[in-house]
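Peer 1: Position one of the sequence shown corresponds to residue 2 (this note's numbering), numbered consecutively onward.
Glycine included, every Cβ here is placed at the ideal spot set by N, Cα and C.
Because the structure is a prediction, the values reported are computed rather than measured.
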Amino acid sequence: MWILQVPPKVSKPFLNGNGHGLSKPSVAVAERARIVVVPEIKAMKSMQGKVVCATNDKTVAVEVVRLAPHPKYKRRERKKKKYQAHDPDNQFNVGDLVLLQKTRPISKTKAFLALPVPKRPSNPPQHP
Numbered sequence: 002m003w004i005l006q007v008p009p010k011v012s013k014p015f016l017n018g019n020g021h022g023l024s025k026p027s028v029a030v031a032e033r034a035r036i037v038v039v040p041e042i043k044a045m046k047s048m049q050g051k052v053v054c055a056t057n058d059k060t061v062a063v064e065v066v067r068l069a070p071h072p073k074y075k076r077r078e079r080k081k082k083k084y085q086a087h088d089p090d091n092q093f094n095v096g097d098l099v100l101l102q103k104t105r106p107i108s109k110t111k112a113f114l115a116l117p118v119p120k121r122p123s124n125p126p127q128h129p
């Protein structure tokens, strides 16, 4: 909270254009430790893709497909991109669906961690 203290003779020197003799208004600030809560910024959501190559040790190549509008015709088209992802346990095989989570750079080309896709709860359809 900011508290501003103004001296009593404020109007006269400012009207005359001479504020040289006045002391500057003092600002009293409460010296408390402020707890600042900063929300986590997620600049990039995690991506989901299919493993296309799993021959390297602790690395999988994941192909991510996204829909993007065509620049001229505005029709949505599929764009594919391959990412190298870190697989520390070598648990993924070709064809597996994985979730890519952004992490610190692990090597020159790897900045994602491959995680298994969580299973959806299967609810049987209810008929009335």
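Can you confirm whether the segment 83 to 97 touches the segment 56 to 67 when touching is taken to mean that 3 or more C-beta pairs between the two stretches lie within less than 8 Å?
Peer 2: Between the segment 56 to 67 and the segment 83 to 97, the count of Cβ pairs shorter than 8 Å is three or higher; the stretches touch.
Peer 1: Given A115, which residues of its chain have a CB within under 7 Å of its CB, disregarding the five upstream and five downstream residues?
Peer 2: Closer than 7 Å at the Cβ level, and outside the excluded window around A115, lie V61, V63, A86, H87, D88, F93, V99, L101.
Peer 1: Going by DSSP, what residues sit across from V99 in a beta bridge?
Peer 2: G50, P117
Peer 1: Would you identify the three-state DSSP class for P72, choosing helix, strand or coil?
Peer 2: Coil.
Peer 1: Can you say whether K82 is buried or exposed, counting buried as having 16 or more other CB atoms within 10 angstroms of its CB?
Peer 2: exposed
Peer 1: Once the 5 residues before and after R67 are set aside, which same chain residues still bring their CB inside 6 Å of it?
Peer 2: K80.
Peer 1: Nearest CA to the CA of M48: which residue from P122, C54, K103?
Peer 2: Minimum Cα-Cα distance from M48 among the listed residues P122, C54, K103 corresponds to K103.
Peer 1: For V95 versus V52, is the C-beta spacing smaller than 9 Å?
Peer 2: yes
Peer 1: May I ask you to report which of helix, strand or coil DSSP gives A55?
Peer 2: coil
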